[in-house]
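J.:
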Amino acid sequence: MVLQRVVRRAVLFAIWTMFASSVGPGAFAAQDEWAKTVEAAKKEGKVVVAIPPSAKLRKQMQKKFTERFPGIELEVVSSRGSKAVKRIGDERKAGVRYFDVYVGGSSSLFTGLVKPGYADAVEDYMILDEVKDPKRWFAGHVYVDNAKKYGYTFNGYQSKNFWYNTELLDPSGLVAFDDLLDPKLKGKIGFYDPRKPGGGGSTWSYLWTVKGEDYLKKLLAQEPLIIGNQRALAEALAKGKVSLTIGMTYYSFRPFLEAGLPVKPLPKPFKEGTYVSGGSGNLAVLKDPPHPNATKVFVNWMLGPEGQQVFTSAMGQPSRRLDVDTSVALKIGYIPAKDALTVEEFRKYENQSEDKIKNIRIPARKLAKKMIK
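Following this note's numbering, the numbering of the sequence shown begins with 44 at its first residue and continues without gaps.
#1: In chain order, what residues of the same chain have a beta carbon less than 7 Å from the beta carbon of Pro240, not counting five sequence neighbours either side?
#2: Assign Leu329 to one of three DSSP states: helix, strand, or coil.
#3: Quick check: what's the CA-CA separation for Val144 versus Asp163?
#4: Less than 6 Å between C-beta atoms, sequence neighbours within five positions excluded: which residues of the same chain meet that for Glu393?
#5: Ile115 and Lys85 look like a contact to me (Cβ under 8 Å); what is the Cβ gap, rounded to whole Å?
#6: To which residues of the same chain is Thr252 closer than 7 Å at the C-beta, ignoring the five residues directly before and after it?
#7: Can you tell me whether Pro361 is helix, strand or coil according to DSSP?
#8: In the DSSP assignment, what are the bridge partners of Val90?
#9: So the candidates are Val285, Gly88 and Thr317; which of them puts its Cα closest to the Cα of Asn336?
#10: Using 8 Å as the Cβ pair cut-off and three pairs as the minimum, do the segment 375-394 and the segment 356-363 touch?
#11: According to DSSP, is Thr154 part of a helix, a strand, or is it coil?
#12: Distance check for Leu100 and Lys307, CA to CA, integer angstroms please.
#13: Using a Cβ-Cβ cut-off of 6 Å (strictly less than) and excluding sequence neighbours within five positions of Glu134, which residues of its own chain qualify?
#14: Are the CB atoms of Val342 and Gln352 nearer to each other than 8 Å?
#15: Return the chain-ordered ranges of every alpha helix (DSSP H) run that is complete within the segment 367-410 and spans a minimum of 4 residues.
#16: Closer than 7 Å by C-beta to Leu304: which residues in its own chain qualify, once you throw out the five before and the five after it? Chain order, please.
#17: Which residues does DSSP list as the beta-bridge partners of Ile270?
#18: In chain order, what residues of the same chain have a beta carbon less than 7 Å from the beta carbon of Asp222, not counting five sequence neighbours either side?
#19: With DSSP as the reference, label Val66 as helix, strand or coil.
#20: Mind the definition here: the segment 258-277 touches the segment 168-183 only if three or more C-beta pairs lie below 8 Å; say whether that holds.
#21: For Asn198, which of helix, strand or coil comes out of DSSP?
#22: With distances taken Cα to Cα, identify the nearest neighbour of Trp77 among Lys203, Trp344 and Gly283.
#23: Grab me the residues of Ala182's own chain with a C-beta within less than 6 Å of its C-beta, minus the 5 sequence neighbours each way, in chain order.
Written out as structure tokens, the structure is:
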């Protein structure tokens, strides 16, 4: 019996020695730092995060995070990105530091947090190797800002931004963008307001890039119903007020699909293709966060396999992490970049970087404000 214990200990020691020699001292240092950070985070008690307006995401994030880190409360504030960054900016100007982390759209993140200097370097909050290692991510580490420091993009996908009412429209005739100019569609198109950040503006900017301003004038001559409320526009399609919508995705139509209403994405993409989005999957750490250690814990969890799986499952938007199952996304009209594109294609068609925001999306939004009264 004693001999068996000695042999077992010897075997375990040999395995441990082999493991230690293979991972090196850096891994142990990181684990030690992580353990200390988690303990310090428990003393802080909570982390405050702004997230997209999704009850499912809020519930799943809070459940999984608190199960993983008992003693650290995850306080989430759900709202549109533009609303969240305005609140954060107003508070910062007043000397109030309430939020630790922002998760949401890239345009709001860049213009509302990075540009005015409210964001901290995300890399400084990465501790775990599974998060820091760029090989765990399709296309490596991707940032919104050119400095590659302040806005981390963890999603990457192409989405189906054109949805139709299956009882009112035969989608077989929609092959190219010019088909949207068919007189039969006049007054039958709904457009998620391109004058504001979001899928409507992103689709408008892509149309502008591919087809030009004259095409947009012709599209507006189709007298589209332009609405800035996603639910209202999705309801207009579901109830047959319009036959086709532009600029919204499964995220907007989920409750109508679950209710069995006749809405679907177009079965085939237009021949001109579409852009690559990060969607709501962008993360920024607020400068001098009120709960710095809990912020580190959250960032490493959010960018780790579990946090990314939670986000992908709740939002449907696919993560760029190579070890996250994104099959659910394909079922609802999101095409993971890691499955469909090369890294070169991803970089060519992405629309969430600083250059694309400044040179395409913002000018296109200004054009929309000029053209749409």
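C-beta atoms are modelled at their ideal positions from N, C-alpha and C, and glycine is treated no differently.
T.: So, from the data block:
#1: Numbered from its first residue, the sequence shown carries residue 240 at position 197. Correct list, in chain order: Gly124, Ser125, Gly148, Ser150 and Ser151.
#2: The residue you call residue 329 lines up with position 286 of the sequence shown. Three-state DSSP puts Leu329 in a strand.
#3: Working through the sequence shown from its first residue, we reach residue 144 at position 101. Working through the sequence shown from its first residue, we reach residue 163 at position 120. Distance between the alpha carbons of Val144 and Asp163 is about 10 Å.
#4: For the purposes of this step, residue 393 is identified with residue 350 of the sequence shown, where counting begins at 1. Counting only Cβ-Cβ distances below 6 Å, and skipping sequence neighbours, we find Val319.
#5: Here residue 115 corresponds to residue number 72 of the sequence shown, with the count starting at 1. Here residue 85 corresponds to residue number 42 of the sequence shown, with the count starting at 1. Right, the Cβ-Cβ distance comes to about 6 Å (below 8 Å), so this counts as a contact.
#6: As a position in the sequence shown, residue 252 is number 209, starting the count at 1. If we look at Thr252 and ignore the five residues flanking it on each side, its Cβ neighbours are Ile403.
#7: Reading the sequence shown from its first residue, position 318 is the one you call residue 361. Pro361: coil per DSSP, three-state reduction.
#8: In the sequence shown, counting from the first residue as 1, residue 90 sits at position 47. In the DSSP output, where bridge partners are listed per residue, Val90 has Leu117.
#9: The sequence position of residue 336 within the sequence shown is 293, counting from 1. Checked all of Val285, Gly88 and Thr317; the closest Cα to Asn336 is Gly88.
#10: yes
#11: What you label residue 154 is simply residue 111 of the sequence shown in a count that begins at 1. Residue state, collapsed to three classes: helix.
#12: By 1-based counting over the sequence shown, the position of residue 307 is 264. By 1-based counting over the sequence shown, the position of residue 100 is 57. Taking the straight line joining both Cα atoms gives about 23 Å.
#13: Here residue 134 corresponds to residue number 91 of the sequence shown, with the count starting at 1. Cβ neighbours of Glu134 beyond the five flanking positions: Tyr141.
#14: By one-based count along the sequence shown, residue 342 stands at place 299. By one-based count along the sequence shown, residue 352 stands at place 309. Not closer than 8 Å, so no.
#15: 370-374, 380-383 and 386-392
#16: Within the sequence shown, residue 304 is the residue found at index 261, counting from 1. Excluding positions up to five away in sequence, the list reads Ala281.
#17: On the sequence shown, position 227 is the one that residue 270 refers to. DSSP lists Tyr235 as partners of Ile270.
#18: For this step, residue 222 is matched to residue 179 along the sequence shown. Hits under 7 Å: Gly216.
#19: Counting from one through the sequence shown, the residue named residue 66 turns up at place 23. Caution is warranted here: a pLDDT of 45 is assigned to Val66, below 50, making its placement in the model unreliable, and the coordinate value is therefore given only provisionally. Residue state, collapsed to three classes: helix.
#20: no
#21: For this step, residue 198 is matched to residue 155 along the sequence shown. Reduced to three states, the DSSP call for Asn198 is strand.
#22: In the sequence shown, counting from the first residue as 1, residue 77 sits at position 34. With distances taken between Cα atoms, Trp77 lies closest to Trp344.
#23: Sequence index remark: in the sequence shown, residue 182 carries index 139 (1-based). If we look at Ala182 and ignore the five residues flanking it on each side, its Cβ neighbours are Val386 and Phe389.
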